[in-house]
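The block underneath contains the structure these notes are about, expressed in structure tokens.
Numbering (my numbering), first residue to last: 10 to 416.
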């Protein structure tokens, strides 16, 4: 059991959601496992007037998933909770299956939550998940960010998300279910030692004997979250001293950057890479350090790092990544860029070599050719209409989503 359970689970949830209207629409992600089933039952008891709706995601990766979704559907029927099974039939291909499945799951849940007009979507992660995540990240050599406690509340994909059970360990939640005579589904993969999480779970008794209990690991993860918040706060304060935005790119003062402690350098450059590439996770630390030490033009994380001079490091989008991306004018291109005051029939594309050849004054921009190749431009068929960063056509058409650190 957790060291100090805050109170009974339903009372805790009633307190967490007290600011919401009593009849709020609240979404719950329910896999059928003990944590999410406990969340569903506790929410029903804590907020009897709320409009609860539940969703189960079937990634199409396990044969048992369909049966589990049917089981959850039957449970929701008994509770009077609307239930939807979200089937993911087009999981993107590539490495890191778990990360791709997680991203697809959140996309599906967010779209469902918006359709249902949910005030938030609740996830059943527990203190046990926090402890297991900490150990997994520790084994991978993660820093403060990776070792931080998972967020209890955040906004992403135009949806508010909550993890209201982080104060309770899995034993607490299963005890809550046992007291109500409620069962749950057991995922066979939770016993498969091929997964790092399962191996950490199996090692828990030995770790507890050494004092590395779940609650203590979770408490350390909470402290690491505070460290992370402090680092983010100070990083934002340092940013104007070493970097500036050049429309879609980031320029670093190489001298000023080199004088900072390594942690700040890694955070700032990673933040720039994530903003430009649109990727949610930082590059591997080893790859980042190699790129910074190269002192020559290198590609990383869908971006290109260009030592523009002895004092300026420019980070731009990598042309090969956006070469075939096309968007209608007014719609987002590459996730963060749009062209305003343009006919919708026009297209936004990367400028590319052929486009740059139509910009006689591009050198006057002071921007390197490699950066301009990936810059956004407006086209009508094969006719270039505007390339703002290459000094061609109207310059006030470009609209770029502000980086998250400019709050």
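All C-beta atoms, glycine included, are put in the ideal place defined by N, C-alpha and C.
Query: Status (buried if at least 16 other CB within 10 Å, exposed otherwise) for residue 136; Result: buried
Query: Of the residues 26, 205 and 352, the one placed nearest residue 141, counting alpha carbons only; Result: 205
Query: 8 Å Cβ shell around residue 2 - same chain, five flanking residues per side excluded; Result: Because the chain spans 10 through 416 in this model, residue 2 falls outside it and cannot be assessed.
Query: contact_flag[the stretch 400-413, the stretch 227-235] where n(CB pairs < 8 Å) is 3 or more; Result: no
Query: Own chain residues within Cβ distance below 8 Å of residue 155, not counting five before or after; Result: 146 and 149
Query: Secondary structure of residue 85, DSSP reduced to three states; Result: helix
Query: Extent of the continuous beta strand (DSSP E) to which residue 64 belongs; Result: 60-67
Query: Other residues of its chain near residue 23: CB distance less than 6 Å, five sequence neighbours each side excluded; Result: 55
Query: Terminal residues of the beta strand (DSSP E) in which residue 341 lies; Result: Run containing residue 341: none; DSSP gives neither H nor E here.
Query: C-alpha distance - residue 253 paired with residue 50, whole-angstrom precision; Result: 50 Å
Query: Three-state class that DSSP yields for residue 73 in the structure shown; Result: helix
Query: Extent of the continuous beta strand (DSSP E) run through residue 99; Result: Looking at the DSSP string, residue 99 is not in any beta strand (DSSP E), and its letter there is neither H nor E.
Query: Contact the stretch 297-313 vs the stretch 244-251: 3+ CB pairs below 8 Å; Result: no
Query: Cβ pair residue 260, residue 279 closer than 8 Å; Result: no
Query: Cβ-based burial, residue 212 [other Cβ within 10 Å; buried from 16]; Result: exposed
Query: Length of the line joining the Cα atoms of residue 342 and residue 195; Result: 43 Å
Query: Start-to-end residues for the alpha helix (DSSP H) that takes in residue 107; Result: 106-124
Query: As assigned by DSSP and simplified to three states, the class of residue 40; Result: coil
Query: Spatial neighbours of residue 348 in its chain, beta-carbon cut-off 6 Å, leaving aside the 5 residues before and after; Result: 338, 357, 387 and 406
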